[in-house]
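Notes for the one structure printed next.
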Amino acid sequence: MRPLRLEQLGPFITASRSTIGRIAMIAGLPDGSSAVDVGALVLDLLEQDSTEIATALAVAVDREPQWIAAGSLEEVAQLLEAVAGLNRDFFALRLRRMVGAIREAVSPSAPPTSPSS
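Using my numbering, you'd call the opening residue of the sequence shown number 1 and step up by one each time.
Next comes the structure, spelled out in structure tokens:
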């Protein structure tokens, strides 16, 4: 297994878009949220996005989605952790820096201030 290649990025994001949204919802829960609330969202994720999870992981490891879907929950969880770990630096650090650099490059310069009399 290795980090995503550029050719995999589009299909990976397409396959995982709704999953990313649900994970963001879970991550955005306030501290002190009940285990029941968190558990319900995780179960929703597994129920409603299992096909997308299998497809995204299949893209990442060059396998068929059915091969991923046939794995045990433990195997899929380990694979998710491995894929996330291998690509964490890109998504959490480099992509953020790239977006910041692009914003800075395209933002209009502040007009010069005139000295006060």
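The beta carbon of each residue, even a glycine, is placed where N, CA and C say it ideally should be.
*Tell me, to the nearest whole angstrom, how far the beta carbon of Ser18 is from that of Glu52; I am working on the premise that it is less than 8 Å.*
Indexing the sequence shown from 1 puts residue 18 at position 18. Indexing the sequence shown from 1 puts residue 52 at position 52. Indeed, because the Cβ distance is near 6 Å, the residues count as touching under 8 Å.
*Determine the contact status of Ala69 and Gln8, defining contact as a CB-CB distance below 8 Å.*
As a working note, residue 69 is residue 69 in the sequence shown. As a working note, residue 8 is residue 8 in the sequence shown. Their beta carbons are not under 8 Å apart, which means Ala69 does not touch Gln8 by this criterion.
*Cβ-based neighbour list, Leu41, same chain, cut-off 8 Å, excluding 5 preceding and 5 following*: Locating residue 41 in the sequence shown gives position 41, where the first residue counts as 1. If we look at Leu41 and ignore the five residues flanking it on each side, its Cβ neighbours are Arg22, Met25, Ile26, Leu29.
_Beta-carbon separation (whole angstroms), Leu79 vs Leu57, contact threshold 8 Å_ = Counting from 1 along the sequence shown, the entry for residue 79 is found at position 79. Counting from 1 along the sequence shown, the entry for residue 57 is found at position 57. At roughly 6 Å, the Cβ-Cβ gap stays under 8 Å, so Leu79 and Leu57 are in contact.
*Which word fits Phe91, buried or exposed, when buried means at least 16 other C-beta atoms lie within 10 angstroms of its C-beta?*
As a working mapping, residue 91 is identified with position 91 in the sequence shown. So Phe91 ends up on the exposed side.
*Where does Asp37 fall in DSSP's three states?*
Position 37 of the sequence shown holds residue 37. Asp37 falls in the helix class under three-state DSSP.
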